[in-house]
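**Q** Questions regarding the structure given below will be posed in turn.
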Amino acid sequence: MQLAGISMPRRRFAHYAADIARASLPAVVVRHAYRAFVFASLEARRLDIPVTADLLFVSAHFAHMGLSSSYANSTQRYEVDGADAAKEFLENEGVRHRLSVAVWEAISLHTTPGVTERMNGLTRLLAYGVRADLFGDGIERLSQPLRMEILGEFPRGGDFASEYLEAVGRAIMHRPETTFGAVSADVLERYSSTFYRANFCGRVLGSRWEAE
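Heads up, the sequence shown is in our numbering, so the first residue is 5 and it goes up one at a time.
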């Protein structure tokens, strides 16, 4: 199968990863994973970044695995749960340790802005694919027919933003301590009267996709 000129991976473990994602995650998150893979692949082609499609595909489908009910009692960040699951999955499938570690890094860091852009191809591309789908980053570089082709195969649906945020919220409700992140924002909030903290929910709800 090809979508937007991107071939879907054919290796058995990639198909198995998609099956696991469909069995474990809400449909809204699974469709997001497919779109993130396509956007990341298009970016790889645009920038001529070499990447193994199967590993990028698995990374996209396991990036949110930590949101599944299997991790209802986890005390780790959901990104780390997903990274751990992907690494174990790949090594059980016979993928070399070096490659499974690269996938672990990509998933664990994919929500860390300002870092992924400086990392290796897989980490950089996964983070971009997720941002493109959640925020609409870079979609102006894609033609309207190309965007519609992608959404026709893996639709966002009428209320993707709210459904996606609800899926994340439900999964991390029991582990609020894992949300502690960029400490510099806390410092500026305390000492700068003009500091405005960017909000993830606001970016998803107000993404460029919502204006499509």
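Where is the CB? At the ideal position from N, CA and C, for every residue including glycine. Since the model is a prediction, treat every value here as computed from it, not as a measurement.
(1) On the premise that residue 32 lies in contact with residue 25, defined as a C-beta separation below 8 Å, what is that separation, rounded to the nearest angstrom?
(2) Pick from 214, 115, 73, 207: whose alpha carbon is nearest that of residue 133?
(3) Would you report the Cα separation of residue 91 and residue 46, rounded to the nearest angstrom?
(4) Roughly how many whole angstroms lie between the Cα atoms of residue 104 and residue 125?
(5) For residue 196, name the three-state secondary structure that DSSP assigns.
(6) Below 8 Å on the Cβ atoms is my guess for residue 127 versus residue 138; work out the distance and round it to an integer in Å.
(7) I need the DSSP call for residue 154, collapsed to helix, strand or coil.
(8) Would a C-beta distance cut-off of 8 Å place residue 140 and residue 212 closer than the cut-off?
(9) Buried or exposed: which applies to residue 120, given that a residue is buried once 16 or more other Cβ atoms fall within 10 Å of its Cβ?
**A** Well, looking at it:
(1) For this step, residue 25 is matched to residue 21 along the sequence shown. For this step, residue 32 is matched to residue 28 along the sequence shown. Not really, about 12 Å apart at Cβ, beyond 8 Å.
(2) Your numbering for residue 133 matches position 129 in the sequence shown. Of 214, 115, 73, 207, the smallest CA-CA separation from residue 133 is found for 115.
(3) In the sequence shown, counting from the first residue as 1, residue 91 sits at position 87. In the sequence shown, counting from the first residue as 1, residue 46 sits at position 42. When only Cα atoms are considered, residue 91 and residue 46 end up about 25 Å apart.
(4) For the purposes of this step, residue 104 is taken as residue 100 along the sequence shown, with counting starting at 1. For the purposes of this step, residue 125 is taken as residue 121 along the sequence shown, with counting starting at 1. If you take the alpha carbons of residue 104 and residue 125, they lie about 14 Å apart.
(5) Taking the sequence shown and counting its residues from 1, the one referred to as residue 196 is at position 192. Assigned with DSSP and collapsed to three states, residue 196 falls in coil, not helix or strand.
(6) Against the sequence shown, residue 127 aligns to sequence position 123. Against the sequence shown, residue 138 aligns to sequence position 134. That pair is no contact at about 17 Å.
(7) As a working mapping, residue 154 is identified with position 150 in the sequence shown. Residue state, collapsed to three classes: helix.
(8) Start at 1 with the first residue of the sequence shown, and residue 140 comes out as number 136. Start at 1 with the first residue of the sequence shown, and residue 212 comes out as number 208. Closer than 8 Å, so yes.
(9) In the sequence shown, the residue the question calls residue 120 occupies position 116. Answer is buried; the Cβ neighbour count reaches 16.
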